[in-house]
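Let me begin by presenting the structure, written as structure tokens, before commenting on it.
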Amino acid sequence: MKKIFYFVILIGALLSFGFTSFYPIDGYKTTGIKRLYQLQKFQEDSVPYKKIPFGAYKKLEDIKLNLVSRKDSIDALLVEDKDFAKDIGKLFPGAGYSGSIMDMSNPDKLRYAAFRENVGYQPGSVGKLAVLLAVMDQMDKVCPDSWEQRAMYMRDIKVTSRYWGLGDHHTIPIYDIEKNKLIKRQVIATDEFSLYEWLDHMVSVSNNGAASIMYREAILMAAFGPDYVNLNAEKAEQYFKDTPRDSLTNLAHAVVNEPLRELGITEDDWRLGGMFTRTADKYVGRKGGSTSTPKGLMKFLVQLEQGKVIDEKSSLEIKRIMYSTDRRIRYAKSSRLDSAAVYYKSGSYYKCDRVKNPDCKDYAGNVFNFMNSVIIVEHPNGVKYITCLMTNVLNKNSAGNHMYLASMIDDIINKDNNAMKEAIKEVEYKSDKDETDN
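Residue numbers (the UniProt record's numbering): 1 to 438.
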């Protein structure tokens, strides 16, 4: 899942921006994520690659945490700046929109603004960040004394999908190093990848099956402790067969939600109610439903930047995993962000009543229509900020609204850089092929 953290550097894309040098790729060796190896080969062989913008080409060592100098409590940091809030507030249309924004360009003088930040929304795939946190939290418990050991196990331990990863329409990239061949397809029961690769599939292409598989592994880490590193598939499945369903459900709920509570993120701020595929319901039930708020997500990302999510190394690793080195969608697709590094997760969840409207379209639900974007933006000029945007606008694909708001927010925070640029107009959003993120 370190897709992100392997700052995929391809000469063709750099040349398209007028550069004659390129960044090295250093993620494959540390994580074993095979798709990064292909990108490394593109670089070595000077194969043009123009699918990602300039901001996607950072080195592993260039990813930093921005707020480690701030030891304040999260409540002390999320204090609204009235002038900043006034500017940001003008951008939000009203009902159906909620957001929180933290300008951290100057860590000693943070600016925070929010609009209906305590309104709860179904998080969709943004909830996968809670699974990522759960895995990192449990790996810390399995190997409490060594980050290097945790990283080694995530690279070397391989687990199979089995039924847990089935039933999702999202495809995953599968690269065969020996044949130099990349294919994209849905997860099948016999698929076997390392923990890092499953995490990459979960975050980079938002595969729901991968999310359930990694949720499963977090449960097993909690159940077996240090013995997890020697666990095989047969013993793991026997554990699920032998353990009462209510016990498994309670453990699953605790594994994914307690790390959030330890960060001061309440149940109303953010909670995850269950796995991401129905096949996982065979043994693990749902509990409490899923919800999140812009403020709850902001609490997570600010403390991530402080290095307080588990520990500083875990926080940095989570941020690397969120680093976008793939095509950008929705909020992150704004051209204002092309030169910026972005750490991003998008999510959507909608429902259509086709009796009321037979033509109700995907991502334009008429019963509910949640679309969410959480992003850390880092411009080369030192402008850095966090945005958590959540919407529920019926009968409309809100991806274009997210992209437009991304540009307008950037124009406020990065105004000196954008002052001479052409004004951004809201236009119809054009999805990339196979663009989905539920």
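Idealized CB from N, CA, C, for every residue including glycine.
Remember, it's a predicted structure, so these values are computed and weren't measured experimentally.
Note on THR190: under 16 other CB atoms within 10 angstroms of its CB, so exposed under the neighbour-count rule. By the neighbour-count criterion, in which 16 or more other beta carbons inside 10 Å mark a residue as buried, ASP359 falls on the exposed side. CA-to-CA, the gap between GLU61 and TYR323 works out to about 13 angstroms. When Cβ pairs closer than 8 angstroms are counted between the two stretches, the region 156–174 is seen not to touch the region 131–146, the count staying below three.
The residues LEU65 and VAL68, in chain order, have a CB closer than 8 angstroms to that of GLU312 in the same chain once the five nearest residues on each side in sequence are set aside. Nearest to LYS319 by alpha-carbon distance, out of PHE368, SER204, PRO173 and ASN418, is SER204. Going by beta carbons, MET275 and ALA252 fall inside the 9 angstroms limit.
For the set GLY27, GLY55 and LYS29, the Cα lying nearest the Cα of SER339 is the one of GLY55. Spatial neighbours of LYS241 in its own chain (CB-CB distance under 7 angstroms, excluding positions within 5 residues in sequence) are not present. Exclusion of the five residues before and after LEU304 leaves SER315, ILE318 and LYS319 as the residues of its chain whose Cβ lies within less than 7 angstroms of its Cβ. Spanning the alpha carbons of GLY400 and GLU148 requires a straight line of approximately 42 angstroms. Proximity of the region 345–353 to the region 98–107 falls short of the contact definition, fewer than three beta-carbon pairs being nearer than 8 angstroms. A distance of 9 angstroms or more separates the beta carbons of LEU263 and ILE409.
For TYR153 and VAL229, the gap between their C-alpha atoms comes out near 7 angstroms. Counting only the Cα atoms, LYS384 lies some 4 angstroms from GLU378. ARG271 is bridged by DSSP to THR291. LYS34 places its beta carbon 9 angstroms or farther from that of GLU192. Excluding five sequence positions before and after PRO53, the CB atoms of its chain that fall closer than 6 angstroms to its own CB belong to ASP338, given in chain order. Residue pairing by DSSP puts VAL374 in a beta bridge opposite LYS345 and CYS388. Rounded to the nearest whole angstrom, the C-alpha separation of ILE183 and ILE174 is 5 angstroms. Where VAL159 is concerned, the enclosing beta strand (DSSP E) starts and stops at 158–160. DSSP places PHE42 in the helix class (H, G or I) of the three-state scheme.
Within the DSSP secondary-structure output, ILE329 pairs in no beta bridge. For SER204, the enclosing alpha helix (DSSP H) has its first and last residue at 195–204. About 4 angstroms separates the beta carbons of GLU426 and TYR404, which is inside the 8 angstroms limit, making them a contact pair. The Cβ-Cβ distance between TYR215 and VAL255 falls below 9 angstroms. In this structure GLY365 touches LEU394 by the C-beta definition: roughly 7 angstroms separates them, less than 8 angstroms. Taking 9 angstroms as the cut-off, the beta carbon of LEU260 is found closer than this to the beta carbon of ASP269. Within the DSSP secondary-structure output, ALA114 pairs in a beta bridge with SER100.
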